[in-house]
Structures are given as structure tokens and as C-alpha cells.
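Have a look at the structure below before the remarks.
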Amino acid sequence: MCGIVGYIGPRSAPPIILNGLKRLEYRGYDSAGVATIAEGEISVRRDVGKLKNLQALVGTNPLGGNIGIGHTRWATHGAPSERNAHPHLGSTGEVVIVQNGIVENFLELKEDLIAEGVEFKSDTDTEVIVHLIEKHYATGIPFVEAVRQTLQHLRGANAVVAMSTREPDKIVAARMGNAGGVVIGIGDQEMFLASDMPAILEHTRHVTFMEAGWMTVIDSNGYEITDFEGQPVEYKSQKISWDPVAAEKGEYKHFMQKEIHEQVRAITDTIGTRIDWKTGKVTLPELNLTPELANKINRIVITACGTAANAGMVGKVYLEKLARVPVEVSIASEFRYSDPIVDDKTVVMAISQSGETADTLAAMVEGRNRGATLWSIVNAVGSEAMRIADGCIPMHTGPEIGVASTKAFTAPLVDQYLLAMALADLRGLLSPKDQLAMANELAQLPTKIGTLLDREADVEKIARAIKDIDHCLYLGRGVNMPIAYEGALKLKEISYIHAEAYPAGEMKHGPIALLDEEMPVIAIATQDQWYEKMISQLEQAKARGAPVIAVATDGDQRVADLADHVMWVPDSSWLISPILTVIPMQILSYHVALLRGCDVDQPRNLAKSVTVE
Ligand code: F6R
Numbered sequence: 002m003c004g005i006v007g008y009i010g011p012r013s014a015p016p017i018i019l020n021g022l023k024r025l026e027y028r029g030y031d032s033a034g035v036a037t038i039a040e041g042e043i044s045v046r047r048d049v050g051k052l053k054n055l056q057a058l059v060g061t062n063p064l065g066g067n068i069g070i071g072h073t074r075w076a077t078h079g080a081p082s083e084r085n086a087h088p089h090l091g092s093t094g095e096v097v098i099v100q101n102g103i104v105e106n107f108l109e110l111k112e113d114l115i116a117e118g119v120e121f122k123s124d125t126d127t128e129v130i131v132h133l134i135e136k137h138y139a140t141g142i143p144f145v146e147a148v149r150q151t152l153q154h155l156r157g158a159n160a161v162v163a164m165s166t167r168e169p170d171k172i173v174a175a176r177m178g179n180a181g182g183v184v185i186g187i188g189d190q191e192m193f194l195a196s197d198m199p200a201i202l203e204h205t206r207h208v209t210f211m212e213a214g215w216m217t218v219i220d221s222n223g224y225e226i227t228d229f230e231g232q233p234v235e236y237k238s239q240k241i242s243w244d245p246v247a248a249e250k251g252e253y254k255h256f257m258q259k260e261i262h263e264q265v266r267a268i269t270d271t272i273g274t275r276i277d278w279k280t281g282k283v284t285l286p287e288l289n290l291t292p293e294l295a296n297k298i299n300r301i302v303i304t305a306c307g308t309a310a311n312a313g314m315v316g317k318v319y320l321e322k323l324a325r326v327p328v329e330v331s332i333a334s335e336f337r338y339s340d341p342i343v344d345d346k347t348v349v350m351a352i353s354q355s356g357e358t359a360d361t362l363a364a365m366v367e368g369r370n371r372g373a374t375l376w377s378i379v380n381a382v383g384s385e386a387m388r389i390a391d392g393c394i395p396m397h398t399g400p401e402i403g404v405a406s407t408k409a410f411t412a413p414l415v416d417q418y419l420l421a422m423a424l425a426d427l428r429g430l431l432s433p434k435d436q437l438a439m440a441n442e443l444a445q446l447p448t449k450i451g452t453l454l455d456r457e458a459d460v461e462k463i464a465r466a467i468k469d470i471d472h473c474l475y476l477g478r479g480v481n482m483p484i485a486y487e488g489a490l491k492l493k494e495i496s497y498i499h500a501e502a503y504p505a506g507e508m509k510h511g512p513i514a515l516l517d518e519e520m521p522v523i524a525i526a527t528q529d530q531w532y533e534k535m536i537s538q539l540e541q542a543k544a545r546g547a548p549v550i551a552v553a554t555d556g557d558q559r560v561a562d563l564a565d566h567v568m569w570v571p572d573s574s575w576l577i578s579p580i581l582t583v584i585p586m587q588i589l590s591y592h593v594a595l596l597r598g599c600d601v602d603q604p605r606n607l608a609k610s611v612t613v614e
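Positions in the sequence shown are counted from 1; adding 1 to them yields our numbering.
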């Protein structure tokens, strides 16, 4: 999704902006640009493709200035091209803007502007904004007022950042709806703006997150925030403790690989302070979970997209099994328009890595409007999904940069397990003995994940064996059924191999027709209550000539005899097993994609945070 960076201060703006954009690359983009004001003039550089193209352009055609804005674009209106890339300059050359999000009514606004004689230079929705600002600015009002009046015309959700040569000592930014965050970075005699923290972390950790409906004017000495009516709003700045090194690849080839390996630490941190190891009792301080609430809840609706929704499907099993609360998993883009049956005894719980996903945020708002208690499990600190919830479980995984989600899948599995334990305890369903036993098993989880990571080379061998396939079928049952879905999603999104997932029992109802030598089956067949049934599925697949790759419990000779390849996982209780079985799935997808020469961290057509519908 688009990324925005702004700078004003004593330093040269272009390198700060380009570096900031680099840190936002994980969001996905197809073109990039930067604009600065120097000697009373705006200069713009834009290019399609990777940021290195823009860097090269700025190298050969340098920019000056101590004030500037930059943008990475993920095309929504108008093809990826230089002319559609941001920043967009108005007709007078005095105003320049970038936008993240969408202007829904841009066509009617564009028609009106064209009728007034405005010439458009791009196919974007964004360009209407700059022309409208210019139109209002021409009446002699201050720049901030011109931006404010422009916002009154716009429908949609976006973040807009603008500057003008006539007031070259300020940047104006506005956030309308939930199309993505804007963070204001407060430096020493310098200020920053960005869509996300990594863009400015190396300069400051002192930040203010802008809410929807706020505008800010920054200059090198500070900032002011108002609402769209110009009234001051109450806001807080805060210190963020992320380590900038954590946003780097470090020793790994790709962020995805690094993040797969970070799961030991992420899960350790996730369990960390939340369990009293003497009693096994779980505390989730940010959730505001009271015994009254725990006993009042009669239904939980988990809402999320993609990988986060797959995590929710595992959570459903945990919450129903342990806390005996009925749980529904509803894909956010469906839930938001489903006229859902929700009341004040329902918890709507969103899961989101970015905390910015437009569909997930809209689903949360829908739940809130219908009286539900709103919970969220979120990774990005300070994001919307964290802030608007009544209670939150922060993921504690650190920034996830690779577009394919990995550590932000396993962390919410553990979070939901902890939540199920806490709820079960408060609802009188968990004996002290069981609680302690469960806590003890969780304590062993990081070590078991470490064991799985040590086996990366074995999984890589399997990746070599299957790297040229065109299709495959993932199967799982029970608590590992969602892992089949997640395994297939991981493979298809980064290697572009067609992968389908089914609950294994469904194979006989259709997908079995696909099986032959060209259609490998990747199945989770760990030793749990579904084991015999999974063995039978593997036999059926073999009988049709399909190569079988199984995820199996260490030492299982039966599976070893049946399967062509086995990805081994340490023994565990059935409830904990998906937190382990997904790891070889992630490693397999990573190596297959690598062997096929794919761009693992930034797969085609995908964005890290999907802040538009
Ligand atoms: C898959 C992936 C996506 C996201 C989905 C939701 O690897 O990353 O499917 O899981 O777009 O994103 P968040 O969790 O940010 O709401």
C-alpha cells in the first residue's frame, strides 16, 4: 500500500525522504516519487518500479531543499507509470501533494474541474485534490485553510500531505477515515511525517499518531493538530521503544527468512510476562477482561483477512474447546456488509498484523455500531485496530516487513491460546492443575520452534524436489485444517504456484478428481485424534499416484512409509500442534519461491497493508 514520508528541518530533505521510503518498501508499491521546495520552487522526481530507479534519478538530477514529501504508490486509479506516480503538482506549480488512499467521488470532482478549465496530467484520483487546493488557495486564504476547504469536497478514506511555495515553511497533512495511518515524528528543530514508524525510527522515537478526522501543520519547530473544522483536538505524543536494527534484514537473505527465524523470540515475548509460571495463570493487561465480562460473553466473532483469518480459525478451536464460547470466524470483507447479528453479549475480535487493513477496521466499526465489545490482536503499535478496540492483545513480534506474514501468524495463535486459558479460568472451566500443565507446555514451545528452524536444510531438500510443480493440494483436519489453508496461501503468494486447501474429509467430495502424478498432496498428519483419518487420506492420494508430502510427528514410521517426503515436527498436545506444524510450511514456501527466483519479500501484486477496499 502507498507510503508517505515528509521532512522539514535544517537537514537536506531528499536523502531523509528516500531513506524513509526505503523503510516503507515492505508495504508494496509500483512507483515512487519525491518533491522538495528549494529557492522558492517545487521540484519533483518520479519513476516507476523499484525505489532504486528513483534514487538513480535523484542521483543524476539532484534535488535541494530542507522541506519535502515523498511517496511510494500502489496503483488504484491509473496504471503504474511516471505520470501517475506521486507527488502531484498543481497547474500553478505552487502546490504539491501526495495521497495514500482513495477519493471515491473523484470522477464528479474531476468533471467539474475540467468544466472550469483545469487540465489534468494524470489518470489518478489524487490529482483532483491538488487542483482543488489551488482553487481555494487562489482566493487568498492561508494554505492550511485551502487544504481544509478541499477536504470538505472529498469522499473516501485517505491521508493527504501537501506543501506550497507560497508558505514554504510548513507541511500540511490530513487524515480522513481509515485508509492508513499518519505518524508525526518530533525531532530537535526538525519534524517528520510518515505512514508508518519504520520510516522515521532512525531519526526519532518521539511521535504522535494522527486520528481520522485530524489535520496537522508541521514546521521545523513543532506542530499543531486540529479537526477538519479547525478546532483544536486533544492529542498525546509518546515515546516508542522499537529498535531500528529490528527493522533490518541483519544476517538473513530476506525479511521473510529473518521473520521465520524470529519466531522463537516472538513466541518467547508473547508468552513472556503474561504467564505466572508458579500457577499457570494468564494475565492480558491491555484486554480489560473482567470476570463479569468473561461470564457475560455468549459469542465471539473473529474477523480478519488472509493469514490473520487463518489464525482466527485456529483461535476458534482454542476458544471453543477451552472456554466453551461459540466462535464464528468471519472474513472481514464479508462481515462488514453481512448485516451481522451482534449484540452486547457478543465480542467482535479483529486480528491484524498491520492494524490498518481497511476491511478489518470497517468490520470492527460494524461490530461496535451494533453494540458488541471490541477486542483486537494487533502487531503494529499505535495502529487504528489497536486504538479503537475496547481491549487489545498486542502481538509483541516487532515489525513484520516481509509481505508474506509469518511471525504475525504464530503470535496470534499463542495470543488466542492465552486468551482461551484466561477466559476458561474466569468462567470456572480450568482446574489449577490443567492450567499449570498448559503453561508448562507453552514454556517448551520456543525450544520446539528452535528445533524446527534447525531443520531448515531438510525442508529445503523437499523444496528442491517440488519446485517445478504447477499445482498442489493442501489437506488438514481439526485444529490443523487452518494450517492447510495457511500453507497453501503462503505457497501461492510467494511462489505463484496454484495451491488449494481443503479440510481433508472433503477430498472425496470433489478435489480427489484432480489427483494424479502431477498433483502433489501436502498434508498434516500429526498424531492426534484425526490421525487415522489422515492416514487414510494419504493412502487414497498415493493410490491415485499423487506424490505425498506429510507433516508428521517425530519418529512416526507409518507416515514415513507412506509419504514421499516428510517434514518432521516435535511431539506436542494436539491444541499446540498448529503452532509447530505451520513452521515447516512457511520454510517450504520460502525455499520453493527462492528456488523459482521469485521476489520473496515483495511478491507481485501484493501489498503489506491493504488500506483500501
Ligand atoms: C498473507 C498476508 C495477508 C494478510 C492480510 C491481512 O501472508 O500477509 O493475507 O494476512 O492482508 O493483513 P493484516 O494482518 O495486516 O490485517
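Note that the Cβ used here is the ideal one computed from N, Cα and C, for glycine as well.
Pairing Val6 with Gln239, the inter-Cα distance amounts to about 19 Å. Cys306 has its Cβ nearer than 7 Å to a heavy atom of the ligand F6R.
Assignment of Asn159 by DSSP, reduced to helix, strand and coil, places it in the strand class. Comparing C-alpha distances from Lys322 to each of Pro604, Lys254, Leu431 shows the shortest one belongs to Leu431. As DSSP reads the structure, Ala312 sits in no beta bridge.
Of the candidates Ala76, Val49, Gln587, the residue whose Cα lies closest to the Cα of Leu454 is Gln587. Closest in alpha carbon position to Asn62, among Ile463, Glu168, Thr37, Gly506, is Thr37. Between the C-alpha atoms of Glu614 and Ala312 there is a straight-line separation of about 21 Å. Leu490 has its CB nearer than 7 Å to a heavy atom of the ligand F6R. Excluding five sequence positions before and after Ser610, the CB atoms of its chain that fall closer than 6 Å to its own CB belong to Met2, Arg28, Ser355, Glu357, given in chain order.
The criterion of a C-beta distance shorter than 8 Å is not satisfied by His87 and Val104. The stretch 48-66 and the stretch 108-119 do not touch, with fewer than 3 CB-CB distances between them shorter than 8 Å. In its chain, beyond the 5 residues on either side, His592 have a beta carbon closer than 7 Å to the beta carbon of Glu461. Contact annotation: Arg456 and Trp531 have beta-carbon atoms that are not nearer than 8 Å.
In this structure, Val611 has its CB closer than 7 Å to one or more heavy atoms of the ligand F6R.
With fewer than three CB-CB distances shorter than 8 Å, the stretch 144-152 does not count as touching the stretch 16-26. Judged by DSSP secondary structure, Gln417 falls within the alpha helix (DSSP H) whose first and last residues are 408-427. Here the C-alpha atom of Pro327 lies approximately 30 Å from the C-alpha atom of Lys449. Per DSSP, Ser238 lies in no beta strand (DSSP E) segment and is marked neither H nor E. Put simply, of His510, Asn606, Tyr418 the residue whose alpha carbon is nearest the alpha carbon of Trp575 is Tyr418. Rounded to whole angstroms, the Cβ separation of Trp376 and Ala390 is 6 Å, and the two are in contact under 8 Å. Distance from the C-beta of Val404 to the nearest heavy atom of the ligand F6R is below 7 Å.
Taking 8 Å as the cut-off, the beta carbon of Leu288 is found closer than this to the beta carbon of Gly392. Around Val318, the same chain offers Val480 as residues with beta carbons nearer than 6 Å, after the five sequence neighbours per side are excluded. Asn222 counts as exposed, since fewer than 16 other beta carbons sit within 10 angstroms of its beta carbon. Scanning the stretch 366-403 for uninterrupted alpha helix (DSSP H) segments of 4 residues or longer gives 385-388, listed from N- to C-terminal end. Gln587 sits in a helix when the DSSP states are folded into three classes.
Secondary structure note for Tyr138: its alpha helix (DSSP H) is the uninterrupted segment 128-138. Inclusion of Pro521 and Cys473 in the CB contact set at 8 Å is warranted, their separation being smaller than that value. Thr411 has its CB no nearer than 7 Å to any heavy atom of the ligand F6R. Counting the other Cβ atoms within 10 Å of the Cβ of Pro433 gives fewer than 16, which makes it exposed. The ligand F6R has a heavy atom closer than 7 Å to the beta-carbon of Ala309.
Under the rule that a run must span 4 or more residues, the alpha helix (DSSP H) segments found entirely inside the stretch 19-85 read 52-61. Linking Ile70 to Ala213 through their CA atoms gives a straight-line distance of about 20 Å.
Counting the other Cβ atoms within 10 Å of the Cβ of Ala544 gives fewer than 16, which makes it exposed. Remark: the shortest separation between the CB of Gln354 and any heavy atom of the ligand F6R falls under 7 Å.
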